[in-house]
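Undergrad: Provided herewith is a single structure, encoded as structure tokens, for subsequent inquiry.
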Amino acid sequence: LRQLLILLHLAGVIAWLGGMFFAHFCLRPAALEVLDPPRRLPLMAATFARFLPYTAVAVLTLLVTGIVLLLEVGFRAAPVGWHIMLALGLVMAAVFAYVYGVLFPRLRERCAAADWPAAARALARTAVNWALMSRCLLPIHVSSIMAIRAATANQARLGCPQGTMISAAKTGPSAPPACPPTWPSAMP
7 LRQLLILLHL AGVIAWLGGM FFAHFCLRPA ALEVLDPPRR LPLMAATFAR FLPYTAVAVL
67 TLLVTGIVLL LEVGFRAAPV GWHIMLALGL VMAAVFAYVY GVLFPRLRER CAAADWPAAA
127 RALARTAVNW ALMSRCLLPI HVSSIMAIRA ATANQARLGC PQGTMISAAK TGPSAPPACP
187 PTWPSAMP
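Heads up, the sequence shown is in the numbering used here, so the first residue is 7 and it goes up one at a time.
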């Protein structure tokens, strides 16, 4: 179950951040370069109409899997990096909710009314919020490194040599593992 939760968590990250990167750093500048506002702004609104519902699923998946993984270990036993990731993830989710619930409907309404200056302002506010979320990524990366180091420290504290779990995952355990028992007790 843990591996499935991690897979879903990573898939959510990839979908959300990969889509943000594409929209903000590739699609938006290209659309600015080659399309005038009456064509560019409806394109962005149509793109977000497809992207944001998928992103909402990714955000919910991230929050649920992250909290379940955290509860599995316990808040007190979880590494500091996990707490930092949770806090930053909640900030990013709140910014996403604002983009999806407030800014995107405003962009869509302004495009439908052909009010291009107001639609451009709504899109610019969306870009500012994407930029705010992207600034959360470095601390999340740092907190991930902290969590990995904490896992190494926990292995040492449990008397589990570095790499034992990784080697066992690659080749299969030669004997029942001495630290965290993640394999069935009936070993061949």
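Backbone N, C-alpha and C fix where the C-beta goes; we use that ideal spot for every residue, glycine too. Quick caveat, the model's predicted, so the values are computed rather than measured.
Can you name, in chain order, every residue of its own chain whose Cβ lies under 7 Å from the Cβ of residue 106, other than the five neighbours on each side?
TA: Numbered from 1 along the sequence shown, position 100 holds the residue referred to as residue 106. Counting only Cβ-Cβ distances below 7 Å, and skipping sequence neighbours, we find 58, 62.
Undergrad: Taking all protein chains shown into account, decide if residue 65 is buried (16 or more other Cβ within 10 angstroms of its Cβ) or exposed.
TA: Position 59 of the sequence shown, counting from 1, holds the residue named residue 65. Flag for residue 65 reads buried.
Undergrad: Note down, in chain order, each residue of its chain lying with its Cβ closer than 6 Å to the Cβ of residue 18, except the 5 sequence neighbours on either side.
TA: Walking along the sequence shown from the start, residue 18 turns up at place 12. Here the set comprises 64, 67, 68.
Undergrad: Assuming residue 128 and residue 34 make a contact with CB atoms under 8 Å, what is their CB distance in whole Å?
TA: Residue numbering aside, residue 128 sits at position 122 when the sequence shown is read from its first letter. Residue numbering aside, residue 34 sits at position 28 when the sequence shown is read from its first letter. Actually they are not in contact, since the Cβ atoms of residue 128 and residue 34 sit about 13 Å apart, beyond 8 Å.
Undergrad: Using CA coordinates, which residue listed in 81, 52, 77, 95 is at the minimum distance from residue 114?
TA: What you label residue 114 is simply residue 108 of the sequence shown in a count that begins at 1. Selected option, being the one with the closest Cα: 52.
Undergrad: Measuring straight from C-alpha to C-alpha, what distance separates residue 11 and residue 43?
TA: Along the sequence shown, read from residue 1 onward, the residue named residue 11 stands at position 5. Along the sequence shown, read from residue 1 onward, the residue named residue 43 stands at position 37. Answer to the nearest angstrom: the Cα atoms are 42 Å apart.
Undergrad: Just how far apart, CA to CA, sit residue 50 and residue 26?
TA: Reading the sequence shown from its first residue, position 44 is the one you call residue 50. Reading the sequence shown from its first residue, position 20 is the one you call residue 26. Roughly 13 Å between the two C-alpha positions.
Undergrad: For residue 45, collect the residues of the same chain with a Cβ closer than 6 Å to its Cβ; drop the 5 residues on either side in sequence, then sort them by chain order.
TA: On the sequence shown, position 39 is the one that residue 45 refers to. Result list for residue 45: empty, nothing under 6 Å.
Undergrad: With a CB to CB cut of under 6 Å and the five nearest residues on each side skipped, what residues in its chain are close to residue 112?
TA: As a first step, residue 112 is located in the sequence shown; it is residue number 106 there, counting from the start. Excluding residues within five positions, the ones whose Cβ falls inside 6 Å are 128.
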